[in-house]
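Heads up, the thing below is written out as structure tokens.
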Ligand code: AHR
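Numbering (the working numbering), first residue to last: 3 to 625.
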């Protein structure tokens, strides 16, 4: 291999490798969002989903505590010691850890004169009391009550029980339980271990909140960001588009509380050091499910949502939406730069709707980069129709999605070599290699690593790339493969995760040419390679993928680099497993993890024994 260190090529976007978050596979409620109670406000279409009431418990909606989540429950204890209360099963059980604290709260009002006592109990899978607190409720006005409860034992599939112990009537709403420890210990917080996994990825960009959920199965159930900000109790519940899948498996208990809403998404992007990239509805419901759409002439409220979102993110604190952001705790702007209009739409209907969005956004916020889409496939009729239209409209970036076989990924390492350098840039907004097992295995990960050498080589055209989907709960998923798996306690980083991590942490600032016999390395002998220079850290970084089984003894010539005793150490991190089907699981999460070793370079460069089924990142200093 020959790397020309002096021929510094085009710049690489600092935010090139990122993550795409969608509430699929219980990624938000039941996942990243740390709330442990399912259906905390009784507003699911069947109000007792998640709950087992006992005694006299009725669902009410008159003079509610929260007008946009109007249901609540009325408990009537007759004093006969039969017991009146409720149990909640959480999302596939509630995970309690011994000695951890849990923050419980509810809103209550008493319809009885005397003080009413509630017992709140953490219950183990074996039905034992593993922590409890008492709460006294009094007064006819809705008030918030809270208690911290320590778990005395660990239980992966526990539940929460509430018992009204005094005779009389009490109304309850928004019954909530969070682990006391969340990411940055914020209230209404996020699961720490899952955010840590994202943080380690070092993502440059954070695309949210979908995916198909922004479109909705119907327009009524599309994601409306304005419903996801402000006091958390009054963010109206919405059904999740992923309550059934393409093969019609049904998840009737899949809703979006919006507890993890746009404010939290912006804050998380900031925490991760990633550019926020929201996607908004363009007035088309999920085209896989329905033909429902808003007439082009009636799009104004949708366009207003887009324009107002920029104000929410960036506007001054005395603007209408900037004020909402400030009141939520962030007077400083979030510095939004990107906005995607529509997700994976297609056809003329998309193009004619995109136009008025672009006009309004360009007029008010010309600095915002607008992202259009190339539809659901990386080729074919829809794609061929959309790309020229996106060029004509001069969108800044075109979002391409590809869920394809490992072979497709290997064959497409040259995909962007021939793309027009003068048109819109590419955002590889959703991609994943789908092995026939649909597992996150080594073969899939290696094919993604190989494909991404092509993204890197073409960083002048491909400016952003995000794997999809991001999260999946092992007991409640609709789609696989996914980058990160989890249960109530643990996280599994897949080989695909490590590939993204190795790219994002070694992105470099400029492309270098790397060739074999004078041509790009795009699959000859199953080998793939790209190289970058990092002007900030003064490093040359060479990425090599061996997607075959055969071991290759490679030499990497570093033309134009002076190697001396001071910079002869080549730090190598690698991902390798001989078994293409190998995966990481909850039981064996470290089957495939990156390893490290070092090599010594000479004046000429360095030698690498490249094992089969392996991805190498080799780094050395420029003096
Ligand atoms: O990532 C899963 C889904 O794939 C997304 O919601 C959608 O954009 C695509 O079809």
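Where a beta carbon is used, it is the ideal one built from N, C-alpha and C, also for glycine.
Cβ distance (whole Å) where residue 114 is taken to contact residue 138 below 8 Å: Actually they are not in contact, since the Cβ atoms of residue 114 and residue 138 sit about 12 Å apart, beyond 8 Å.
query: Between the Cα of residue 206 and the Cα atoms of 274, 234, 281, which residue gives the shortest distance?
result: Distances from the alpha-carbon of residue 206 to those of 274, 234, 281 put 274 closest.
task: Return the residue from the list 510, 591, 344 that minimises the CA-CA distance to residue 304.
output: Minimum Cα distance to residue 304 is reached at 344.
- prompt: Is there contact between the region 338-353 and the region 366-378, where contact requires at least three CB pairs shorter than 8 Å?
  reply: Of all C-beta pairs linking the region 338-353 to the region 366-378, three or more are shorter than 8 Å, placing the two stretches in contact.
- prompt: Count the other CB atoms within 10 Å of the CB of residue 605; is the residue buried (16 or more) or exposed (fewer)?
  reply: By the 16-neighbour rule on beta-carbons within 10 angstroms, residue 605 is exposed.
- request: Would you kindly work out how many angstroms separate the C-alpha atoms of residue 170 and residue 76, rounded to a whole number?
  value: Each residue's Cα considered, the two are about 10 Å apart.
query: Leaving out the 5 sequence neighbours to the left and right, which residues in its chain are closer than 6 Å to residue 49 when beta-carbon positions are compared?
result: Closer than 6 Å at the Cβ level, and outside the excluded window around residue 49, lie 61, 73.
- prompt: Can you list the beta strand (DSSP E) stretches of 3 or more residues lying completely in the region 197-268, in chain order?
  reply: Those beta strand (DSSP E) runs which fall completely within the region 197-268 and span 3+ residues are 207-210.
- prompt: Can you list the alpha helix (DSSP H) stretches of 4 or more residues lying completely in the region 354-425, in chain order?
  reply: For the region 354-425, whole alpha helix (DSSP H) runs of length 4 or above, ordered along the chain, are 382-395, 408-413.
query: Opposite residue 515 in the DSSP bridges: which residues?
result: In the DSSP assignment, the residues bridged to residue 515 are 6.
field: For residue 449, the nearest candidate out of 501, 485, 488 (CA to CA)
entry: Per the Cα distances, 501.
message: Let's test the definition: count the other Cβ atoms within 10 Å of the Cβ of residue 47 and tell me whether it reaches 16, buried, or not, exposed.
response: With a threshold of 16 other beta carbon atoms within 10 Å, residue 47 falls short and is exposed.
task: Hey, could you find the ends of the alpha helix (DSSP H) residue 457 is sitting in?
output: Counting along the chain, the alpha helix (DSSP H) containing residue 457 begins and ends at 444-459.
task: Kindly indicate which residue of 608, 188, 617, 422 has the alpha-carbon position closest to the one of residue 595.
output: Ranked by Cα distance from residue 595, the first of 608, 188, 617, 422 is 617.
query: Where do the ends of the alpha helix (DSSP H) carrying residue 311 lie?
result: DSSP places residue 311 in the uninterrupted alpha helix (DSSP H) bounded by 302-316.
- prompt: If we cut at 8 Å on Cβ distances, does residue 33 have a partner in chain C?
  reply: Structure shown: chain C not included; a single protein chain is present.
field: residue 625 burial status per 10 Å Cβ neighbour count (16 or more: buried)
entry: It is exposed - the Cβ of residue 625 has fewer than 16 other Cβ atoms within 10 Å.
field: Pair within 8 Å by beta-carbon distance, residue 436 and residue 483
entry: With a cutoff of 8 Å on beta-carbon distance, residue 436 and residue 483 are scored as near each other.
query: From which residue to which residue does the beta strand (DSSP E) around residue 280 run?
result: Where residue 280 is concerned, the enclosing beta strand (DSSP E) stretches over 277-282.
field: Under 8 Å between C-beta atoms of residue 110 and residue 174
entry: Going by beta carbons, residue 110 and residue 174 fall inside the 8 Å limit.
task: Return the residue from the list 22, 541, 570 that minimises the CA-CA distance to residue 276.
output: When only C-alpha atoms are compared, the closest one is 22.
task: Give the straight-line distance between the Cα atoms of residue 227 and residue 212, rounded to the nearest whole angstrom.
output: Near 12 Å, if we compare the C-alpha coordinates of residue 212 and residue 227.
task: Please state if the CB of residue 223 and the CB of residue 243 are separated by a distance shorter than 8 Å.
output: The Cβ atoms of residue 243 and residue 223 sit closer than 8 Å to each other.
- prompt: Is the number of C-beta pairs between the region 419-428 and the region 391-406 that are closer than 8 Å three or more?
  reply: Enough Cβ pairs lie closer than 8 Å, so yes.
Terminal residues of the beta strand (DSSP E) in which residue 62 lies: Counting along the chain, the beta strand (DSSP E) containing residue 62 begins and ends at 58-62.
- request: Quick one: which unbroken beta strand (DSSP E) runs of 3-plus residues sit fully inside the region 26-78? Chain order, please.
  value: Fully enclosed beta strand (DSSP E) runs of 3 or longer: 53-56, 58-62.
- request: On a CA-only basis, which of 516, 488, 416, 359 is nearest residue 525? Give me that one, please.
  value: Checking every option, the nearest Cα to that of residue 525 belongs to 416.
message: Between residue 346 and the ligand AHR, is there a pair consisting of the residue's CB and a ligand heavy atom that are separated by less than 7 Å?
response: Yes, the beta carbon of residue 346 sits closer than 7 Å to at least one heavy atom of the ligand AHR.
Beta carbon of residue 24 nearer than 8 Å to that of residue 215: In contact: residue 24 and residue 215 (Cβ atoms closer than 8 Å).
Collapsed DSSP secondary structure at residue 272 in the structure displayed: Residue 272: helix per DSSP, three-state reduction.
- request: Classify residue 251 as buried or exposed, calling it buried when 16 or more other Cβ atoms lie within 10 Å of its own Cβ.
  value: Under this definition residue 251 is an exposed residue.
message: Please determine whether the Cβ atom of residue 213 lies at a distance below 7 Å from any heavy atom of the ligand AHR.
response: Checking the Cβ of residue 213 against the ligand AHR gives yes.
- prompt: Under the criterion of a Cβ to heavy atom distance below 7 Å, does residue 282 qualify as lining the ligand AHR?
  reply: No.
message: Taking 7 Å as the cut-off, is the C-beta of residue 287 nearer than that to any heavy atom in the ligand AHR?
response: Residue 287 Cβ: outside cutoff for every heavy atom of the ligand AHR.
query: CB of residue 436 to nearest heavy atom of the ligand AHR: below 7 Å?
result: Not so, every heavy atom of the ligand AHR lies at least 7 Å from the Cβ.
query: Where residue 615 and residue 191 are concerned, what is the direct C-alpha to C-alpha distance, given to the nearest angstrom?
result: One C-alpha to the other measures close to 39 Å.
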